[in-house]
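Sequential numbering of the sequence shown, starting at 192, is according to the working numbering.
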Amino acid sequence: MSVVHLIRHGKIAELCLDNPAKMNAFTVEMLGQLAAHLEVIDHDTSIAAVMLTATGERAFCTGADINAWGDLSPAEFARHWVRDGHRILDRLARLGKPTIAILNGHAFGGGLELAAACDLRVMATGASLALPEAGVGIVPGWSGTQRLLRLVPEPMVKEMALFGGRIKADRALACGFVAAVGDDPRALAMTLLERAVALSPRAVEISKSMIHAAIGEDRGAMIEALGSAAIAASADRDEGVASFRKKRKPEFSGK
Numbered sequence: 192m193s194v195v196h197l198i199r200h201g202k203i204a205e206l207c208l209d210n211p212a213k214m215n216a217f218t219v220e221m222l223g224q225l226a227a228h229l230e231v232i233d234h235d236t237s238i239a240a241v242m243l244t245a246t247g248e249r250a251f252c253t254g255a256d257i258n259a260w261g262d263l264s265p266a267e268f269a270r271h272w273v274r275d276g277h278r279i280l281d282r283l284a285r286l287g288k289p290t291i292a293i294l295n296g297h298a299f300g301g302g303l304e305l306a307a308a309c310d311l312r313v314m315a316t317g318a319s320l321a322l323p324e325a326g327v328g329i330v331p332g333w334s335g336t337q338r339l340l341r342l343v344p345e346p347m348v349k350e351m352a353l354f355g356g357r358i359k360a361d362r363a364l365a366c367g368f369v370a371a372v373g374d375d376p377r378a379l380a381m382t383l384l385e386r387a388v389a390l391s392p393r394a395v396e397i398s399k400s401m402i403h404a405a406i407g408e409d410r411g412a413m414i415e416a417l418g419s420a421a422i423a424a425s426a427d428r429d430e431g432v433a434s435f436r437k438k439r440k441p442e443f444s445g446k
């Protein structure tokens, strides 16, 4: 059964979490489906932007379903649940297309980490953010103590992770974590997405890579990707490929 849907709206791809009975809490199945959809989106040049949504009114995503990881051994928990989730959220963060998370409800734990992996976030007026992991004896494992700290002030992360605090929409907006707050966050997101798809996809992709390199989001890979893109457009690259195929010595022009 599909619990993460990939829906296309012209140039916009929608990734929809659909497990409202459990407030869209992550399961192994959901992680796998999210990973598969991200692979499709990453390689589909007809998709210019991505929005992340969830069904139901109470929650965007309340983190990880305890039943999905509660019986795992310490080694399995660290090697698979935490690493797999981290790898998949990293893939989302590093998509070459602009992404927006639409927080229609509460975003807790892994749900907050998922939202943090997007480029922008819009939030419903009554929604809130939290890192409740310590309440069940674990710690944030999908970048809640890493990527999130680049997006919100350190005391706010500590308030959530160390004191069990919840951050309401107005505070999330004031600190810049969300781009807009309103009763219809999807409409707010669509306004932003429509602007994004009108821009040059290649220019947006390169701009995103440059920004990520500056803030340390997989800096090494981003720098090498930018360098590779530049060299791929050179005459020397074409000469190198041609000489290899013809089994002759290359004659590079430096162009």
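Cβ atoms here follow ideal geometry from the backbone N, Cα and C, with glycine treated the same way.
Everything numeric in this text was worked out from a predicted model, so none of it was measured.
Problem - Chain-order list of residues whose beta-carbon lies under 8 Å from that of residue 400 (same chain, five-residue window excluded) - result: 287, 413, 416, 417
Practice task
Quick one: grab the DSSP three-state call for residue 312.
Solution key: strand
Problem - Where residue 251 sits in the DSSP three-state scheme - result: strand
Problem - Reduced DSSP secondary structure (H/G/I, E/B, other) of residue 395 - result: helix
Exercise for the section: Could you tell me the boundaries of the beta strand (DSSP E) in which residue 290 lies? Expected result: 290-294
Problem - Three-state secondary structure (DSSP) of residue 357 - result: strand
Problem - Other residues of its chain near residue 185: CB distance less than 6 Å, five sequence neighbours each side excluded - result: For residue 185 there is no data in the structure shown, the boundaries of the chain being 192 and 446.
Practice task
Could you give the DSSP three-state label for residue 439: helix, strand or coil?
Solution key: coil
Handout entry: Inter-residue Cα distance where the pair is residue 425 and residue 311
Key = 34 Å
Handout entry: the segment 387-399 touching the segment 322-336, judged by at least three CB pairs closer than 8 Å
Key = no
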